[in-house]
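Number 139 in the working numbering belongs to position 139 of the sequence shown; there are no gaps in the numbering. Heads up, the beta-carbon is just placed ideally off N, CA and C, and yes, glycines get one too.
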Amino acid sequence: MSCTCVPSTAGRSVFDLQTMLRTISFRHPWLPRLIPDGVFGERTLEAVMLFQRELFPPVTGVVDNAVWDAIVSCYQTCCTCLAPPLPCSGYPSRDYTISPGQSCVHLGLIQSMFLALGCILEGLADTQVNGTMDEATVQNIRWVQHLNQAEETGIVDHLVWDTLARLYMMFVTYAQTPSLSRPQLFGDQ
Numbered sequence: 001m002s003c004t005c006v007p008s009t010a011g012r013s014v015f016d017l018q019t020m021l022r023t024i025s026f027r028h029p030w031l032p033r034l035i036p037d038g039v040f041g042e043r044t045l046e047a048v049m050l051f052q053r054e055l056f057p058p059v060t061g062v063v064d065n066a067v068w069d070a071i072v073s074c075y076q077t078c079c080t081c082l083a084p085p086l087p088c089s090g091y092p093s094r095d096y097t098i099s100p101g102q103s104c105v106h107l108g109l110i111q112s113m114f115l116a117l118g119c120i121l122e123g124l125a126d127t128q129v130n131g132t133m134d135e136a137t138v139q140n141i142r143w144v145q146h147l148n149q150a151e152e153t154g155i156v157d158h159l160v161w162d163t164l165a166r167l168y169m170m171f172v173t174y175a176q177t178p179s180l181s182r183p184q185l186f187g188d189q
């Protein structure tokens with residue numbers, strides 16, 4: 001889509017322009033944070049002129065096809081940079097289970113999660129990442145099952161995975177400073 005937008009222009013293309021400039025402003029804070037209203041007013045003109053000054057001269061305040069294309073390109077780049085990382089599903093299906101003594105690639109991820117959580121939470125056995133459901137991993141699975149007030153079978157099922165994933169997100173992924181809880185384990189002095 002292209003357009004020529006100048007002050008006093010209104011409509012859907014102006015709303016789209018404002019939306020793109022607003023998104024760009026999250027990556028480039030020198031750009032005003034517009035609230036899209038579909039009216040090419042003073043704030044929109046300011047944003048266009050600042051965009052042109054910083055990223056696509058000359059400064060005219062007019063959004064012709066070339067300026068529109070530059071804003072679209074910058075918007076697409078900003079959307080990619082601002083998007084959160086893709087989530088990763090580490091557990092194959094709701095019906096999948098891993099029993100003591102089994103080996104599989106999914107255990108490497110589970111054991112890595114236990115390794116990280118063991119540095120923060122009390123009660124987890126020291127775990128090696130070896131892809132085999134060894135005694136330490138079974139003990140940690142039972143620890144999770146105990147938290148869930150479930151039968152302590154040592155078998156990984158979707159309930160164990162869901163609890164482990166929540167614990168990992170809460171205490172590792174989204175923790176601001178996980179090393180503060182037990183700094184000696186992270187080598188911090």
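How should residue i be labelled, buried or exposed, when 16 other C-beta atoms within 10 angstroms of its C-beta is the threshold for buried?
i	result
Thr77	exposed
Leu109	buried
Phe26	exposed
Leu185	Confidence at Leu185 is low in this model, with a pLDDT of 47, below 50, so the placement of that residue is unreliable and no value is reported for it.
Leu159	exposed
Met133	buried
Met170	exposed
Gln52	buried
Thr173	exposed
Trp143	buried
Thr127	buried
Ala116	buried
Alpha carbon to alpha carbon, what distance is there between residue j and residue i?
i	j	result
Val59	Leu34	19 Å
Met168	Ile120	What sits at residue 168 in the sequence shown is Tyr, not Met. Answer to the nearest angstrom: the Cα atoms are 10 Å apart.
Ile111	Gln139	The sequence given here has Gln at residue 111, not Ile. Their backbone Cα atoms lie some 12 Å apart in a straight line.
Cys81	Arg12	25 Å
Leu124	Leu21	49 Å
Leu164	Ala83	25 Å
Tyr91	Ala175	22 Å
Cys74	Ile24	7 Å
Thr19	Cys88	29 Å
Asp162	Cys79	30 Å
Thr97	Ile155	7 Å
Glu135	Asn148	20 Å
Gly118	Gly38	53 Å
Glu122	Phe114	11 Å
Val48	Val129	53 Å
Asp95	Gly131	20 Å
For residue i, which three-state DSSP category applies?
i	result
Val156	strand
Val14	helix
Val63	strand
Ser89	coil
Ile35	coil
Arg182	Here the model assigns Arg182 a pLDDT of 47, short of 50, so the residue's position is not dependable, and the following value carries that caveat. Here Arg182 sits in coil by DSSP.
Ser99	coil
Leu44	The identity of residue 44 in the sequence shown is Thr, whereas the question assumes Leu. DSSP places Thr44 in helix when its eight states are reduced to three.
Thr127	coil
Do you know whose CA, among the options, lies nearest residue i's CA?
i	options	result
Asp157	Gln149, Arg166 and Gln145	Gln145
Ile141	Tyr174, Gly101 and Ala175	Gly101
Pro32	Phe40, Ala116 and Leu50	Leu50
Glu54	Ala66, Pro85, Trp30 and Gly131	Trp30
Phe40	Asp95, Val62 and Thr137	Val62
Ser99	Pro36, Thr137, Leu86 and His28	Thr137
Exercise for review: Could you tell me whether the stretch 96-108 touches the stretch 65-82, where touching means 3 or more Cβ pairs closer than 8 Å?
Suggested key: no
Check your understanding: Are three or more beta carbon pairs between the stretch 14-26 and the stretch 42-55 nearer than 8 Å?
Key -> yes
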